[in-house]
Amino acid sequence: DAGVTQSPTHLIKTRGQQVTLRCSPKSGHDTVSWYQQALGQGPQFIFQYYEEEERQRGNFPDRFSGHQFPNYSSELNVNALLLGDSALYLCASSPRGGIGNQPQHFGDGTRLSIL
Amino acid sequence: AQSVTQLGSHVSVSEGALVLLRCNYSSSVPPYLFWYVQYPNQGLQLLLKYTSAATLVKGINGFEAEFKKSETSFHLTKPSAHMSDAAEYFCAVIPNAGGTSYGKLTFGQGTILTVHP
Chain B
-14 DAGVTQSPTH LIKTRGQQVT LRCSPKSGHD TVSWYQQALG QGPQFIFQYY EEEERQRGNF
46 PDRFSGHQFP NYSSELNVNA LLLGDSALYL CASSPRGGIG NQPQHFGDGT RLSIL
Chain E
569 AQSVTQLGSH VSVSEGALVL LRCNYSSSVP PYLFWYVQYP NQGLQLLLKY TSAATLVKGI
629 NGFEAEFKKS ETSFHLTKPS AHMSDAAEYF CAVIPNAGGT SYGKLTFGQG TILTVHP
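Just so you know, the sequences run in chain order B and E. Residue -14 is where the first sequence starts when you use this note's numbering, and the numbers rise one by one after that. Residue 569 is where the second sequence starts when you use this note's numbering, and the numbers rise one by one after that.
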């Protein structure tokens, strides 16, 4: 049973560019959340997708956008990259709409470096 | 806003010693509580979660955590540390808003556990 998979594992971009990160949830999960983890910090919630719509959003600018597909996989897009966007981006999935204390299962993340 | 405080960014113990990692939350209504572990260059793995069924929660790898409402705490313990326990540990919460809690995890800053031979 495959867990949460993310691609690519590493990515290097320059300021001003755009990037797309991808996530396939754990089998049976329908809810996908994205987190940004800067070096030495805890993950910060970016947004969550359920039924192909953004249901919740953290304190991130509109440069961060996403999408969820009918097969529950998801993409995270970041436009106009800034140096401060360098971080580990984590995808997490959960079952049954992620209601309550449904455990979230995390992928290994995409390490994004901005030059 | 919900917040989580982990006391001690670094904890160092000897192999075989007790592990105690501290976590306090700030809310009048006890949130859903979780502990995650992160090994280098990996994602987060769930150690345990508080379900309100019991105040002492047992997790994987011999870890357990005790929920104390009066102290707004959810400290993580393990009786005997192993070298393989060296990692970063995160306490996290989801606000308990009944049927409208949708898994927005708020994490603490993390505690790096070092285990000495």
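Backbone N, C-alpha and C define an ideal beta-carbon position, used for all residues, glycine too. Source: prediction; values computed, not measured.
Cβ-based neighbour list, residue i, same chain, cut-off 6 Å, excluding 5 preceding and 5 following
i	result
I648 (chain E)	Per the sequence presented here, residue 648 (chain E) reads as Ser, with Ile not at that position. Hits under 6 Å: G584.
R96 (chain B)	H(-5), L73
Bounding residues of the beta strand (DSSP E) (the contiguous stretch that carries residue i)
i	result
H684 (chain E)	679 to 684
S594 (chain E)	592 to 594
H14 (chain B)	From DSSP, H14 (chain B) is part of no beta strand (DSSP E); its letter is neither H nor E.
H52 (chain B)	49 to 53
V4 (chain B)	4 to 9
Of the residues the options, the one placed nearest residue i, counting alpha carbons only
i	options	result
G(-12) (chain B)	E:L586, E:L612, E:Y600, E:S571	E:L612
L586 (chain E)	E:S571, E:L614, E:D653, E:F642	E:D653
Q26 (chain B)	E:C591, E:F675, E:K636	E:F675
H578 (chain E)	E:L614, E:A655, E:N592	E:A655
K571 (chain E)	E:S620, E:I680, E:N664, E:H684	It is Ser, not Lys, that sits at residue 571 (chain E) in the sequence shown. Taking only the C-alpha atoms, the option nearest S571 (chain E) is E:N664.
K637 (chain E)	E:Y604, E:Y618, E:T645, E:G630	E:Y618
beta-carbon residue i near the ligand HEM non-hydrogen atom, thresh 6 Å
i	result
H650 (chain E)	Looking at this structure, you won't find the ligand HEM or any other ligand, since it has none at all.
Neighbourhood of residue i by C-beta distance below 8 Å, restricted to the same chain and skipping five residues each side
i	result
K626 (chain E)	L616, E632
Pairwise C-alpha distance: residue j and residue i
i	j	result
T(-1) (chain B)	L6 (chain B)	15 Å
E36 (chain B)	Y593 (chain E)	31 Å
S580 (chain E)	P55 (chain B)	46 Å
Residues in the segment 599 to 623 of chain E with C-beta within 8 Å of chain B's C-beta atoms, listed in sequence order? Y600, F602, Y604, N609, Q610, G611, L612, Q613, L614, K617, Y618, T619
When you check each C-beta in the segment 628 to 658 of chain E against every C-beta of chain B, which residues fall closer than 8 Å? F658
Residues of the segment 26 to 59 of chain B whose Cβ lies closer than 8 Å to any Cβ of chain E, in chain order: Q26, G27, P28, Q29, F30, Q33, Y35, R40, Q41, G43
If you measure beta-carbon to beta-carbon, which residues of the segment 69 to 98 of chain B are closer than 9 Å to chain E? L73, L75, C76, A77, S79, G82, G83, I84, G85, N86, Q87, P88, Q89, H90, F91, G92, D93, G94, R96
To be precise: take each residue of the segment 669 to 680 of chain E, compare its Cβ to all Cβ atoms of chain B, and keep it if any distance is under 8 Å. Which residues remain? S669, Y670, G671, K672, L673, T674, F675, G676, Q677, G678
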